[in-house]
Every structure is written in C-alpha cells, then in structure tokens.
Amino acid sequence: MQPGCTKLANSLRRNFKREVSKHLTGKETEPWEILYFKAYKSQLPVIEQALETAALMLGSDKSRGYCLEMICADFLAGVSLEVGNRDALLPSITRLVIGLPKPERKQLLEDVQVTL
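Final position of the sequence shown in our numbering is 119; the numbers increase by one with none missing.
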C-alpha cells in the first residue's frame, strides 16, 4: 500500500470507529486510540494503585484512560514547575481543573478568584 493510502485508510478507520460509537451511544465522541506498552509484573501494583486513586479522586464513572491522562497532566504540571517550562504548565492545569467534579471545580475557581 502507498504511504498516502495507509494514512487515508487509518483516517477512515478512525472516522468509522467514531461514527459507530456515535450511533450506538447517541453521543459525539472524541477520536481515540488503543495504547499498548510493556509493563513488568512488578510495576503493575503501582500502576493499578495510581489508577484506582485517580478514579477515587475524579469519580468512579471516569475511564481508566481519563484517569491516566490526569495522572500524566499532574506529572507534567509538577515537572514544568521544576524545570521552568511554563508553556506546559497552563494546559496541564487546565485539563486537571476541567477533570474535577463540578462542585470541586466551582470551589477551586472561587478560591482562585478571591486571591486575584
């Protein structure tokens, strides 16, 4: 298959997945990918504990992918503060705030407004 054809086929497959999901759930969904990576058995307890803790904080209705995204956003926010990379800080904090349940998000924004 030609490189352009492969890109087109991948794009069509993603669009098909999105349309099927939209038809089945009645909701518009964001494009998605399945991630595969190797983790050693000794690493699994830490990974599972982090995902479970994030689910408790974010709400049990959140997907494991969303929980992983929030763990990564938190990590990036911390790292960007340490190395002075301010460009990565705001998007990371924004995703974290958006991920909060509405009452906690409202309280946080009110607290921040008071300090301004």
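Just so you know, even glycine gets a beta-carbon here, dropped at the ideal spot from N, CA and C. This structure is a prediction, so every number in the text was calculated from the model and none was measured.
Within the same chain, show all residues whose beta-carbon is closer than 8 Å to that of residue i, passing over the 5 residues directly before and after it, in chain order.
{"i": "Leu61", "result": "Tyr69, Cys70, Met73, Gly102, Leu103 and Pro104"}
{"i": "Leu54", "result": "Arg67, Cys70, Leu71 and Ile74"}
Are residue i and residue j close, meaning C-beta to C-beta below 8 Å?
{"i": "Ala76", "j": "Lys65", "result": "no"}
{"i": "Leu79", "j": "Ser95", "result": "yes"}
{"i": "Val100", "j": "Leu93", "result": "no"}
Measure from the alpha carbon of residue i to the alpha carbon of each residue in the options, then state which is nearest.
{"i": "Ile37", "options": "Leu47, Thr56, Leu119 and Arg16", "result": "Arg16"}
With a CB to CB cut of under 7 Å and the five nearest residues on each side skipped, what residues in its chain are close to residue i?
{"i": "Arg108", "result": "Val100"}
Q: May I have a chain-ordered list of the alpha helix (DSSP H) segments no shorter than 4 residues that lie completely inside the region 16-90?
A: 47-61 and 67-86
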